[in-house]
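Scroll down for the structure; my scribbles are underneath it.
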Amino acid sequence: RHFGPDAAKPAATCAVETFGNFITGFGMAGGELVGRPKDYAYAFDMAREAGMPLTCHAGEWGGPDMVVDTINDLKVKRIGHGVNAIHDANLVAEIADKGITLEVCPGSNVFLKATGDWADHPIRRLRDAGVKVTVSTDDPPFFGTTMTDEFDMPAQTFDWGEDDFNALNQTALDAAFCDADTRASIAKRLETA
Numbered sequence: 007r008h009f010g011p012d013a014a015k016p017a018a019t020c021a022v023e024t025f026g027n028f029i030t031g032f033g034m035a036g037g038e039l040v041g042r043p044k045d046y047a048y049a050f051d052m053a054r055e056a057g058m059p060l061t062c063h064a065g066e067w068g069g070p071d072m073v074v075d076t077i078n079d080l081k082v083k084r085i086g087h088g089v090n091a092i093h094d095a096n097l098v099a100e101i102a103d104k105g106i107t108l109e110v111c112p113g114s115n116v117f118l119k120a121t122g123d124w125a126d127h128p129i130r131r132l133r134d135a136g137v138k139v140t141v142s143t144d145d146p147p148f149f150g151t152t153m154t155d156e157f158d159m160p161a162q163t164f165d166w167g168e169d170d171f172n173a174l175n176q177t178a179l180d181a182a183f184c185d186a187d188t189r190a191s192i193a194k195r196l197e198t199a
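Positions 7 to 199 (the numbering used here) are the ones given, in order, by the sequence shown.
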């Protein structure tokens, strides 16, 4: 994203050429206020036409309009962060209706002040509205976090328990960009955990 749309095209070409070997999906991270989603649509169209699943950061720093543009212009199935969608009830309903998964990173959202404190984090409200959410670490070395740390936040703040975390894990598995064998292997591991 930071290198601009012209750099996204060769990245998409490389991803398409290696899709299935080493590459399982196509996405764009980084500061979402650099360019608009439509500027990167060509690269996402290439990846989609090759059958690649798509994700993109949106709604961490940008408002609901950035999430809307990402959905409409890039046609993604997952959105990294997406927490600012909470400020538009119609958008939250659309995300839920379309089955788009939000890859929520509570620790980094709070640390970077993209959301309020832990109690104000919108993950529970999004989930209660029917949005598929996962809990992710974002950038573990930078934020000094682990998945255990990220799960501790909703456990302590929202009193989420085993059933909640099993549901989060299942959502993450359903949204994972992986082949059927990998998905089955992970599902088996989750059953025995």
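The C-beta atom is built at its ideal place from N, Cα and C for all residues, glycine as well. In this text, all values refer to a predicted model and were calculated from it rather than measured experimentally.
Write down the C-beta distance between residue i and residue j rounded to the nearest angstrom, noting that I regard them as a contact closer than 8 Å.
| i | j | result |
| --- | --- | --- |
| ARG7 | ALA49 | Wrong, their Cβ atoms sit about 10 Å apart, outside the cutoff. |
| VAL141 | VAL110 | 6 Å |
| PRO147 | ILE129 | Contact flag wrong, Cβ pair sits at about 23 Å. |
| HIS93 | PRO70 | 5 Å |
| THR30 | PHE183 | 4 Å |
| GLY41 | PRO11 | 6 Å |
Would you identify the three-state DSSP class for residue i, choosing helix, strand or coil?
| i | result |
| --- | --- |
| PHE117 | helix |
| ILE106 | coil |
| HIS87 | strand |
| ARG7 | coil |
| PHE171 | helix |
| ALA199 | coil |
| ASP185 | coil |
| ASP94 | coil |
Verify whether the separation of the beta carbon atoms of residue i and residue j is less than 8 Å.
| i | j | result |
| --- | --- | --- |
| THR143 | MET159 | no |
| MET58 | PHE32 | yes |
| LEU132 | VAL98 | yes |
| ALA102 | VAL139 | no |
| ALA13 | ALA53 | no |
| ASN90 | GLY105 | no |
| ILE77 | THR61 | no |
| ALA125 | THR163 | yes |
| PHE25 | ALA47 | no |
| THR151 | THR107 | no |
| PHE157 | PHE117 | no |
| ASP79 | LYS119 | no |
Taking its Cβ as the centre, do 16 or more other Cβ atoms sit within 10 Å of residue i, making it buried, or is it exposed?
| i | result |
| --- | --- |
| SER114 | buried |
| GLU66 | buried |
| THR188 | exposed |
| ALA64 | buried |
| ASN172 | exposed |
| ARG195 | exposed |
| LEU39 | exposed |
| ALA199 | exposed |
| THR121 | buried |
| ASN175 | buried |
| ALA181 | buried |
Subject >> Every unbroken beta strand (DSSP E) within the region 19 to 83, with a cutoff of 3 residues, ordered by chain >> reply: 32 to 34, 60 to 64
Original post:
At which residue ranges does the region 117 to 167 contain complete alpha helix (DSSP H) runs of 4 or more residues, listed in the order of the chain?
Top reply: Counting only runs of 4 or more, we get 129 to 134, 146 to 149, 153 to 164.
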